[in-house]
Amino acid sequence: MSVRVQVEDFDVGAELAKLHGVGMRGTGGLVTFSGIVRDIADNQTIKAMTLEHYPGMTLRELEKIEAEARARWPLTASLIIHRHGRLEPGDNIVLVITASAHRQAAFEAAEFLVDWLKTKAPFWKQEVTDGGHQWVAAKSTDAAAAARWRTPADLTPAAKTG
Amino acid sequence: MRLLYFAWLREKVGVADEQIPLPENVATVGGLLDWLKERGAGHAEALEDLSAIRVAVNQEYAGPEVPIADSDEVALFPPVTGG
Chain A
0 MSVRVQVEDF DVGAELAKLH GVGMRGTGGL VTFSGIVRDI ADNQTIKAMT
50 LEHYPGMTLR ELEKIEAEAR ARWPLTASLI IHRHGRLEPG DNIVLVITAS
100 AHRQAAFEAA EFLVDWLKTK APFWKQEVTD GGHQWVAAKS TDAAAAARWR
150 TPADLTPAAK TG
Chain B
0 MRLLYFAWLR EKVGVADEQI PLPENVATVG GLLDWLKERG AGHAEALEDL
50 SAIRVAVNQE YAGPEVPIAD SDEVALFPPV TGG
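The listed protein sequences derive, respectively, from chains A and B.
Numbered according to numbering that gives the first Met the number 0, the first sequence spans residues 0 to 161.
Numbered according to numbering that gives the first Met the number 0, the second sequence spans residues 0 to 82.
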């Protein structure tokens, strides 16, 4: 039940241990997804990446997405951490942890959280290659992945973001 | 009203944010986008393809039909690419 947006790195093991430490009552499984900066994109070597975001809205969107996951699955704990600023290949970008009594809810909720944050949270990646700087284009495959989780109630004008 | 621009929209417009009075005859997000296109060469280039633009009013996603007021914070940005 926690969302953080930060420049600083995070420690996946330490975050998991923290979740173990507080109120794991009823938890039978945790699913962890960590996203890192790829070193190659479209056959180009990535030297660095800058993640811009919309302070204020970012946190609100991530909190809404987390609340949606908790409404859909019986989670006993959840955590989203997203970094911004300058990152290099291999650096952590995003961490999602979900905990539930049984694995299926934890797996599904983790997948949902990543799919939705990729298409709703206001972050933009700019890659640095030998050819210069370029903004990463949104992928239709990400929009399709997020659309799998839509329910009729989501199809209001304000929810049509992707 | 306060306008915010992000990513390549910010680069094309040339500023990250600007304060403007709500233009006359503009009542919705769609009306504002049409008005902004006429604001200058940078704005025109940035807003050339409206299908590539997302809008948030007071930090909530908003479609072209959403009403806007002088006290609003309106952000314009490309489709998001986080995660």
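Note that beta-carbon positions come from the ideal geometry of N, C-alpha and C, so glycine has one too.
Rounded straight-line distance, which links the Cα of residue j to that of residue i
i                  : j                  : result
Leu-49 of chain B  : Val-65 of chain B  : 15 Å
Thr-128 of chain A : Asp-38 of chain A  : 10 Å
Gly-25 of chain A  : Ile-96 of chain A  : 16 Å
Gln-103 of chain A : Ile-80 of chain A  : 22 Å
Arg-3 of chain A   : Gly-62 of chain B  : 28 Å
Gly-55 of chain A  : Gly-29 of chain B  : 23 Å
Pro-151 of chain A : Lys-119 of chain A : 17 Å
Thr-57 of chain A  : Asn-42 of chain A  : 30 Å
Gly-130 of chain A : Leu-86 of chain A  : 18 Å
Trp-123 of chain A : Thr-140 of chain A : 17 Å
Ala-137 of chain A : Pro-78 of chain B  : 6 Å
Arg-9 of chain B   : Glu-59 of chain B  : 19 Å
Ala-142 of chain A : Trp-148 of chain A : 11 Å
Chain A within 8 Å of residue i, Cβ atoms only
i                 : result
Thr-80 of chain B : yes
Ala-74 of chain B : yes
Trp-34 of chain B : no
Ala-68 of chain B : no
Ala-6 of chain B  : yes
Status (buried if at least 16 other CB within 10 Å, exposed otherwise) for residue i
i                  : result
Arg-82 of chain A  : buried
Ala-87 of chain B  : Nothing can be reported for residue 87 of chain B: it is not among the residues displayed for chain B, which extend from 0 to 82.
Gly-82 of chain B  : buried
Thr-44 of chain A  : exposed
Ser-77 of chain A  : buried
Pro-121 of chain A : buried
Met-48 of chain A  : buried
Val-6 of chain A   : exposed
C-beta contact flag for residue i and residue j at 8 Å
i                 : j                 : result
Leu-18 of chain A : Ala-68 of chain A : no
Asn-57 of chain B : Asp-69 of chain B : no
Ala-74 of chain B : Phe-5 of chain B  : yes
Asn-91 of chain A : Phe-9 of chain A  : yes
Contact with chain B by residue i, beta-carbon distance below 8 Å
i                 : result
Lys-46 of chain A : no
key: Contiguous alpha helix (DSSP H) assignments of at least 4 residues, all confined to the region 35–60 of chain B   = 40–45
message = For a minimum of 4 consecutive residues, which ranges assigned as the alpha helix (DSSP H) are wholly contained in the region 8–43 of chain A?
response = 11–20
ask   = Going along the chain, which unbroken runs of the beta strand (DSSP E) with 3 or more residues stay wholly within the region 78–116 of chain A?
value = 84–86 and 91–99
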